[in-house]
Amino acid sequence: MSRAQAERKAIELLARVGVANPEQRIHDYPHHFSGGMRQRVLIAAAISCSPSVIIADEPTTALDVTVQAKILRLLHDLQRDMGAALLLITHDLGVVAAMADEVLVMYAGRIVERADVDTLFHNPRHPYTKALLACVAGIEDDHRTPLEPIGGSAPDLRSPPPGCRFGPRCPSAQDICRRQDQTLRSVSSDHDAACVLVETELSLV
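The opening position of the sequence shown corresponds to residue 319 in the numbering used here, with each subsequent residue numbered one higher.
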């Protein structure tokens, strides 16, 4: 497209993601925008070619809670309006609970659990997923009860430990966990976990 067409398209995109006065703001520099507005501009660039998949890597980092909610709502609305899939990469379990349909939990570069969001939060199977959820304070939790941090440290991926990468930090680790890496096993038709204990649980059902 011509330069004039590209400018018109950019103005339309800025308006679409909620940037006020896009005809004027298109000439501004990044430092003229707040963090939330900069994030909206990046989203506009991301959707400029009408993608079928939107990949959002930590889209709410360094934004205050109110702006986070607005950005997440914008992504949700764009996904719905464009008919696109949204791949959300985040460490924020609150964002996962609010946005996700299906969740893949990763540890040290490996997928350790896959489930729909309700199942994952209410019936986690992998020890790492359980430990993650134990670190988060719920609104109805007793504030006198301390959170449970995950012991140990994340492995050096240049020289990962043998067997399950979460093994050295796992309170339920067995000898086989230290010798053999675990692959995803079916917990149910739409729930998988990479843990030797899953096999034991299934055998007891």
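All C-beta atoms, glycine included, are put in the ideal place defined by N, C-alpha and C.
Among the bridge pairs identified by DSSP, valine 371 is matched with Ala403.
If you draw a straight line from the Cα of leucine 515 to the Cα of leucine 465, it comes to about 24 Å. Rounded to whole angstroms, the separation of the alpha carbons of cysteine 513 and valine 413 is 25 Å. A distance below 7 Å between beta-carbons, with the five flanking residues on each side excluded, links leucine 404 to the following residues of its chain, in chain order: Ile372, Ala374, Leu393 and Gln397.
Leucine 332 sits close to alanine 362, with the two beta carbons spaced by under 9 Å. Judged by DSSP in its simplified three-state form, methionine 319 adopts coil rather than helix or strand. By the neighbour-count criterion, in which 16 or more other beta carbons inside 10 Å mark a residue as buried, methionine 319 falls on the exposed side.
Aspartate 510 has Arg432 and Ser504 as its beta-bridge partners, per DSSP. Remark: three or more beta-carbon pairs, one from each stretch, lie closer than 8 Å, so the region 424–431 and the region 477–489 are flagged as touching.
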